[in-house]
Amino acid sequence: MQKSAANALDRKSPAVLHRAHLSLRTLGISTIAMAIVCTIAYRNWTISHLGNEAFATGYVLVATCMGLVALGVRKRLPLVPLGRVAVWQSAHHYLGTFCLIAYCLHAGAITTGWFESALAILFWTILLSGFLSWYVNKKSPRMLRTAGYAILRSDIPIVKMRVSEQAYQIALQAAGSKGSMAIADYYRSNLTSYFSKPRSIWYRLLPTGKKKRNLLSGLERLDRYLDEIGRELKSQLSTLVLEKDDLDFQSAIQQRVRMCAAFHTWLLGAFVVFSMMHIVLAHRYSSHW
Amino acid sequence: MSSTATIAQERPVRWDHPLDPEMLQRDISWLLAQPPFAYLNPDVFKANGSLETILKHDARLVRYEPGDIVVREGDYGSSAFIVLRGSVRAFLVSLWEKQTQPVPSTDIWGALQQFVRSKFANQKRSDQGSGNRRSRGRDVESHPKHTPVQSVSVVEGKNRIFLQDINAILNDYQSESLGVGNIFGEMAAITRTPHRFSVIADAPTVVLEIRWQGLRLLRRDTGFRTYLDERYRSTGLETHLRETPLLRFLDDETIQKVVAVTKLESFGEMEWFAEFKDTKSKEVCSIIESEPTIAMEGTPANDLYLIRAGFARVSFQHGSGHRTTAYLGRGQMFGLEEISHSFLNPGSQPLPFQSSLRALGFVDFLRIPREAALKLLLPKVRRSELPSTIENLRYDAGGRVVPDATRMIPESNIETPLIEFLVDQRIINGKQSMLIDLDRCTGCDECVKACASTHDGTPRFIRNGPQYGPLMFAHACMHCVDPVCMIGCPTGAIHRNSDTGIISINPETCIGCKTCSESCPYENIVMIQVTDKQGRAAVDRNTNLPILQASKCDLCQNHSTGPACQNACPHQALYRVNTSDSSTLQSWLLRRTA
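Top line first, the protein sequences correspond to chains A and B. Read in order, the letters of the first sequence correspond to residues 1 to 289 in our numbering. Read in order, the letters of the second sequence correspond to residues 1001 to 1594 in our numbering.
Shown next as structure tokens:
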């Protein structure tokens, strides 16, 4: 029988649930701390037994990387009963933190040789992209909510076209009257590209309201040239400028989330391939395992 | 092969597939000569072919051996049954103990704790001996000694589910014999609710099963409809009262007295969804005012209302509009506060209704007179379960508005605007509503991808829908309490799983008529083009038009993992929530806040 998440909810108070959440976090952090201590102990034990500590920490790092890759595998197996992806994601975050420590124990802060350096750069880039992805995922929902009613990314181009068409019609209407001619001029000089062209790559990476504010203040400054009907048209056009900006903002934020995730995944894939090569080379040219 | 290629085939039509292909013409002719069909007016059915066509495609003859289960209590009703030969027994008491299922936890620790608890619970179960309400209400001496054991055997390639040692069970459990000509199961089929009792064959029996699509057509005959309505209003009342938690301590004699004075009434339209779609765009205030009023605030609280099926809105006049404070569903009461106030304060004047009760679509309820409630019911209810005295009156004993009165605390702890939103959008109908927390959702579409990969590349929901603040109720099948999409399906392709309550579509029998898609008031069923395994779109051989099929969320019922969408969400933003139960929703909201 299917069980919904709702059915799974017990009647605990928010305080109790909050404590449970905190205890889970404590568990995660303490597990990672334990893993770090164990890795250091294993490394020291290997050294004391005249073993090669690079191999010891290296294989810990490889195992950690495999654990990190497992999240991607889990996502591609929705029908296999492997638990909720959210739990895997949480574990991925903790494991990522541990991976940083394991890497430092293995390679240190500075590496030499072109292949190792490339691998190191790849590692740090992945780590940064991971943190960036985590930050973006954390911040995006609230940012999206500030941009009004949630809209599907696939629907955004259609709505944009409708908004663009409405703005064009207002400009046409404004062009037909002397009291609102200034709006048509402003549309031609400032708003045509705003409504018809996609936003810049910088906006997509770091969306801001600067352009919107400039356009709106420009429209405000037209007041002195407008009659009553013109002001009404200006008000309508201002609303459309806001609507278009909201759509661009939603599109940019959603795109950013996906880009971060995709970038992180590709890099992780590349890192795994490079790591395998590194293992082969290490075994090939090392005299002491 | 290109996915744009098409393949011509015959368009499926209504009654392509008879319910029982093996039913012979002579069987149908014989049936037509039997009551009640012999008394029906055949002209009424001309619009749908004929009575013969209805019987051929929506009915089937089923043979049962002694002990065979015809209807199992708790299963969702989708057919009515008429005994044609032999006899069956309707059990007036519950045959099986209702065991409390362990609630699965959503986190690892919770699951582990639950696992440990379940280990101990299994050991304790035999000591507790917790019978259900229906069995507890009877004398200890008459407690059944034989626990019915279900077995399955295969007869002529079909599964036969029967009870072992039927004679002992007939001795131990109170039952009523239903002979030739008796009809049963029609209430559950018409109201789309679970069966209240089990029916077991006690002799070699032949039963005519009429699925509810056919039953609905047969009800066009006035005589047949009156007959069913009378039965609907006269039977099952006692069981229903016994099943009401507040009335669980009532003895048999009191129950009989209450049954004698209780009225069974219905408000609103069974096919409310058609009107709902039209009224959606209207002013909220006018929508509320157009809803049939069951009880009006300020009028004497002469009755206690007990909802049997459907939903009702509890509201009060606020400014020039109405403020919704709660929604009531099956098993909930209205007017209890007012009557209880009089019961707890014997010398005080009776209070009028402090709120109004309005039908949201179709509501079926029991009306127990105030005097009967005061004398028969409330003395048998635990004081702790009675609502406390009303401190802040909205209407005084004379029915006048109390000026500057502190308004009554809403019946539910969910904030009023959210209740109003849920009621106005009829999301209260959902048992598995897809709720997306927009404070967590990044729009990554992992849920959509998981759904698509689970369902041959076609997602079964749209990650968009009505929003209330940070809560989005996505366009995914809610597996409603009242699944109006099932009304009018000519082939019965859309059906409710009797075990899980999940509503799904059988692609083999769906003819793409769009009835369900157009009936769904939430736009949660979409029509998709039928394709073959090579991805070629099917087109009608005669018209060259595409052949469509209804598609909706089936809650991944064929997979042990549960809903893929919920499992795939990496941000714990997507949940399936029972919005028909305000306490469940409240729990979810509390959890979210935490």
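Don't be surprised by glycine CBs; every beta carbon is placed ideally from N, CA and C.
With fewer than three CB-CB distances shorter than 8 Å, the stretch 1483-1497 of chain B does not count as touching the stretch 1312-1330 of chain B. Across the set E1209/B, N1544/B, Q1349/B, the C-alpha of Q1349/B shows the shortest separation from the C-alpha of Y1395/B. Under the three-pair Cβ rule at 8 Å, the stretch 1442-1449 of chain B counts as touching the stretch 1566-1573 of chain B. Under DSSP, K1263/B forms a beta bridge with R1367/B. At a cut-off of 7 Å between C-beta atoms, P157/A does not count as an interface residue with respect to chain B. Shown here, F98/A sits in a helix according to DSSP, grouped into three states. When DSSP states are grouped into helix, strand and coil, L61/A belongs to the helix group. Residues of chain A with a Cβ closer than 7 Å to the Cβ of P1470/B are, in chain order, R145.
With a threshold of 7 Å between beta carbons, S1453/B makes contact with chain A. In the DSSP assignment, Q1150/B forms a beta bridge with L1163/B.
Under the Cβ criterion of 7 Å, S140/A is counted among the residues facing chain B.
Shown here, F1091/B sits in a strand according to DSSP, grouped into three states. Secondary structure at L119/A: helix, using DSSP grouped into helix, strand and coil.
At a cut-off of 7 Å between beta-carbon atoms, P1466/B makes no contact with chain A.
The C-alpha of L1084/B lies about 36 Å from the C-alpha of D1251/B. Below 8 Å, enough C-beta pairs join the stretch 1422-1441 of chain B and the stretch 139-152 of chain A to call them touching: three or more. Taking the Cα positions, E232/A is about 19 Å away from R213/A. Put simply, the stretch 1281-1289 of chain B does not touch the stretch 1328-1343 of chain B. Fewer than three CB pairs are less than 8 Å apart.
Nearest neighbour of S238/A by Cα position, chosen from A118/A, Q254/A, I253/A, L219/A, turns out to be L219/A. With respect to D227/A, G176/A sits apart: the two C-beta atoms are not nearer than 7 Å.
Counting along the chain, no alpha helix (DSSP H) covers A1295/B; the unbroken beta strand (DSSP E) around it starts and ends at 1293-1295.
Within the stretch 170-187 of chain A, no residue has a Cβ lying closer than 9 Å to any Cβ of chain B. Under the three-state reduction of DSSP, H92/A is assigned to helix. The three-state secondary structure of F1081/B, taken from DSSP, is strand.
If the five residues before and after G96/A are omitted, its C-beta is found closer than 7 Å to the C-beta atoms of L68, G130, all from its own chain and listed in chain order.
With distances taken between CA atoms, D1020/B lies nearest to R1060/B out of R1060/B, P1042/B, A1260/B.
For G1347/B, the three-state secondary structure derived from DSSP is coil. One alpha carbon belongs to G108/A, the other to V62/A, and they sit about 16 Å apart. DSSP, reduced to helix, strand and coil, places Q1317/B within a strand of the structure shown. Residue range 228-285 is occupied by the alpha helix (DSSP H) that includes V273/A.
Within the stretch 1515-1546 of chain B, the complete alpha helix (DSSP H) segments at least 4 residues long are 1515-1519, listed from N- to C-terminus. Of the candidates S1050/B, P1066/B, P1035/B, P1035/B places its Cα closest to the Cα of F1224/B. For chain A, the residues of the stretch 1565-1578 of chain B that bring a beta carbon within less than 7 Å of one of its beta carbons are Q1566, N1567, A1568, C1569, P1570, H1571, Q1572, Y1575, R1576, V1577, N1578, in chain order. Shown in chain order are the members of the stretch 249-264 of chain A whose Cβ falls below 9 Å from a Cβ of chain B: Q250, I253, Q254, V257, R258, A261.
For A1301/B, no pairing in a beta bridge is given by DSSP. Close CB contacts of S1583/B within its chain, under the 8 Å cut and outside five residues either way in sequence, are absent.
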